[in-house]
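If you count the sequence shown from 1, position 104 lands on 104 in UniProt numbering, and the numbers rise without skipping.
Heads up, the beta-carbon is just placed ideally off N, CA and C, and yes, glycines get one too.
Bear in mind that the values here come from a model prediction, so they are computed numbers and not experimental data.
Report on the following structure.
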Amino acid sequence: MGSSSKYKLRENIHKIREIELEKINLAEEFDILQIVGEGWFGKILLVEHRVTDTEMVLKALPKPYVSIKDFFREFHYALQLGPHHKNIITTYDVSFETAGFYVFSQEYAPLGDLTSNVSETGIGELHSKKVAKQLAAALEYIHLHDLVHRDIKLDNILVFKSDFSRIKLCDFGETRKAHTLVLRRNEWLPYAPPEVLATSTEEHYKCETCHDVWQFGIVMFVCLTGCLPWQKAAYDDPRYSRYLYWHGSAGVLQTVRRPKLFKLLSSKAQRWFRKYLEPNPQKRPPNLAELPKYMEGRWLSKGFSDREEEREDESLCPSMYSFHSSAEEKNQLLSTLAAYGIETTVDRRSKKDRIRAWIQNSSIVEETEEDDEPPAEASVWALAASRFDVGIMGRSRRTRAKLKAAPPQADEIRIGGAQWRPAGRKVRHGKDPGGGECALGRIPGRSEG
Ligand SMILES: Nc1ncnc2c1ncn2[C@@H]1O[C@H](COP(=O)(O)OP(=O)(O)OP(=O)(O)O)[C@@H](O)[C@H]1O
Ligand SMILES: [Mg+2]
């Protein structure tokens, strides 16, 4: 891995910009082509800006759950990091608010995230190595800026080429400056490092780059095996306990049986997993600088049929799957969550209603103050046409916003099914935004407190 001189560190990366957001009516400015994703809070829409005919993705964060401070932080880090690294999603300097959402804009990842690209047996050794290299490069860049991503998981790795030769990290909603105290919330358990799980909820812990190293290990384990190594890295998880026992036995004469899933890996890969999935954060490497040492040689053990047997025996951990993947997977996940006592009621109808209400509520009447400059000629979005390098932020025009009862959009936007877009538009590639998607009873994760 390169040295820190490889990148020019920008000092202002920790100075989070807070600017006045333009208030716009989303449905008036954009054609919504497709909902391409839904996170814990964020809705990701593929849209076309009407005036400039420009296609882009909008990440819309609902005001009731995401504070303006959190919004600015996520937008700022995404904007600072993305354009300078090929394995980080490019965020454009375009942000605004609607009645219900704070919104910023990004490039579109045509093949969705890794969850929908990983099969039950993983993605194989060659592709896993490609993902490892690119993800490690993105993390190196983030860590060089003294930041910790804190949410490395399959859902946040976007795929641009089907042979995995171009993947990009996204979602900077949890990104924080290294060594700061952060609040423990209900982290997504399978990816959380043990030191985080050992902190009680609503208590603080120190955020360190070795957190990302652990999550990198979990992602790579899933890529190689198709399975999560455990449900959570805590003593009451039998798979993790077995791993701990095996991990602790390294270098001891007594032979301890490898956890079954680890038998799918070559001894070389087992070594690096032991290194990066090091339970003690003090001993865990703070970066992935040594990864190139492990790139040569096999990562999977020999014999595909052996691996199949192991997998059957161990049974797949369903929670590796994204919230955004198929209904069957989600149902598996739901029962797992229910077994852990987590409320998981899915109400698809109410999700559709929420989306409809969202579009309707994003209708805003703007009143330009008398002493203001006249509105920019066509729209601020004309600026976006010039390769998005000029944003709508920092404008001097101040607006007051009033919510108006929006007219029903039903004739314009079909909800449900694979097309959720103005009639007559071509749906681009990507995931089915309709029936397959559902909002689970999410564990609140974004808003502070
Ligand atoms: N630029 C993009 N192009 C295509 N799909 C995207 C893009 N950005 C996000 N997605 C999809 O939307 C999903 C949610 O996006 P994102 O992770 O940014 O939202 P979030 O609400 O912060 O999620 P989380 O649940 O991880 O907190 C992603 O997992 C991915 O499937
Ligand atoms: Mg995400």
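Whose C-alpha, out of the options, is nearest the C-alpha of residue i?
| i | options | result |
| --- | --- | --- |
| GLN180 | LYS206, PRO194, LEU169 | At residue 180 the sequence reads Thr, which differs from the Gln that was named. With distances taken between Cα atoms, THR180 lies closest to LYS206. |
| LYS63 | LEU45, PHE41, ASP53, VAL47 | PHE41 |
| GLY100 | GLY112, THR121, SER67 | SER67 |
| GLY122 | ILE89, ARG284, GLU278, LEU261 | LEU261 |
| THR115 | SER105, LEU45, GLY37 | GLY37 |
| MET295 | GLU125, LEU144, ARG150 | GLU125 |
| PRO83 | ARG239, ARG298, CYS170 | CYS170 |
| ILE157 | THR52, GLU120, ASP113 | ASP113 |
| LEU277 | TYR243, SER266, LYS268 | TYR243 |
| GLU120 | LEU224, ARG298, LYS283, ILE89 | LEU224 |
| PRO110 | VAL47, GLU174, ASP151, ASP53 | VAL47 |
| GLN270 | TYR240, SER301, VAL256, LYS283 | SER301 |
| LEU264 | LYS232, TRP299, ALA198, THR98 | TRP299 |
Helix, strand or coil for residue i? Go by DSSP, reduced to three states.
| i | result |
| --- | --- |
| ASP212 | helix |
| TYR240 | helix |
| SER128 | helix |
| ILE142 | helix |
| SER266 | coil |
| GLY173 | coil |
| PHE273 | helix |
| MET1 | Here the model assigns MET1 a pLDDT of 44, short of 50, so the residue's position is not dependable and the matter cannot be decided. |
| HIS149 | coil |
| VAL219 | helix |
| GLU202 | coil |
| VAL51 | coil |
| ILE13 | helix |
| GLY297 | coil |
| TYR92 | strand |
| ILE32 | strand |
| GLU74 | helix |
| ILE19 | coil |
| ILE24 | coil |
| LEU45 | strand |
| VAL256 | coil |
| TYR191 | helix |
| SER322 | Because SER322 sits at a pLDDT of 41, beneath the cut-off of 50, its placement in the model cannot be relied upon, and the following sentence gives the value as read from the coordinates. SER322: coil per DSSP, three-state reduction. |
| PRO83 | helix |
| LEU111 | coil |
| PRO292 | helix |
| SER116 | helix |
| LEU158 | strand |
| GLN134 | helix |
| TYR65 | coil |
Residues in the same chain with beta-carbon distance under 6 Å from residue i, minus the five sequence neighbours each way, listed in chain order, please.
| i | result |
| --- | --- |
| ASN117 | VAL159 |
| LYS43 | ALA60 |
| PRO281 | GLU195, CYS210 |
| LEU45 | ILE32, ILE35, LEU58 |
| ILE24 | PHE96 |
| PHE172 | GLU74, TYR77, ALA78 |
| TYR102 | LEU61, PHE71 |
| THR258 | Residue identity differs from the one stated: residue 258 is Arg in this sequence, not Thr. Contacts found: TRP246. |
| SER105 | MET56, LEU58, TYR92, VAL94 |
For residue i, collect the residues of the same chain with a Cβ closer than 7 Å to its Cβ; drop the 5 residues on either side in sequence, then sort them by chain order.
| i | result |
| --- | --- |
| ARG50 | GLU29, PHE30, ASP31 |
| LYS153 | TRP188, TYR191, GLN215, VAL219 |
| LYS177 | HIS14, ASP146, LEU147 |
| HIS247 | ARG274, PRO279 |
Ignore the nearest five residues each way along the sequence and tell me which others in residue i's own chain have a CB closer than 8 Å to its CB.
| i | result |
| --- | --- |
| LEU291 | MET1, ALA132, LYS133, ALA136, TRP272 |
| ALA250 | ARG274 |
| GLU208 | VAL148, ALA178, HIS179, PRO281, PRO286 |
Quick check on residue i - is its C-beta less than 8 Å from some C-beta in chain D?
| i | result |
| --- | --- |
| THR98 | Of the protein chains in the structure, only one exists, and it is not chain D. |
Exercise. Quick check: the segment 55-63 against the segment 149-166, are there 3 or more CB pairs under 8 Å?
Worked result: no
For this session: Could you name the residues whose beta carbon sits closer than 6 Å to any heavy atom belonging to ligand 2, keeping them in chain order?
Result: GLY39, ASP155, ASN156, ASP171
For this session: Evaluate contact between the segment 77-95 and the segment 184-201, counting only Cβ atoms and requiring at least three cross-stretch pairs below 8 Å.
Result: no
Exercise. Counting pairs of beta carbons, one from the segment 162-176 and one from the segment 125-142, are three or more of them closer than 8 Å?
Worked result: yes
For this session: Examine the Cβ distances between the segment 16-30 and the segment 72-91 and report whether three or more of them are shorter than 8 Å.
Result: yes
Exercise. Looking at C-beta atoms only, is the number of pairs between the segment 276-289 and the segment 137-150 that lie closer than 8 Å three or more?
Worked result: yes
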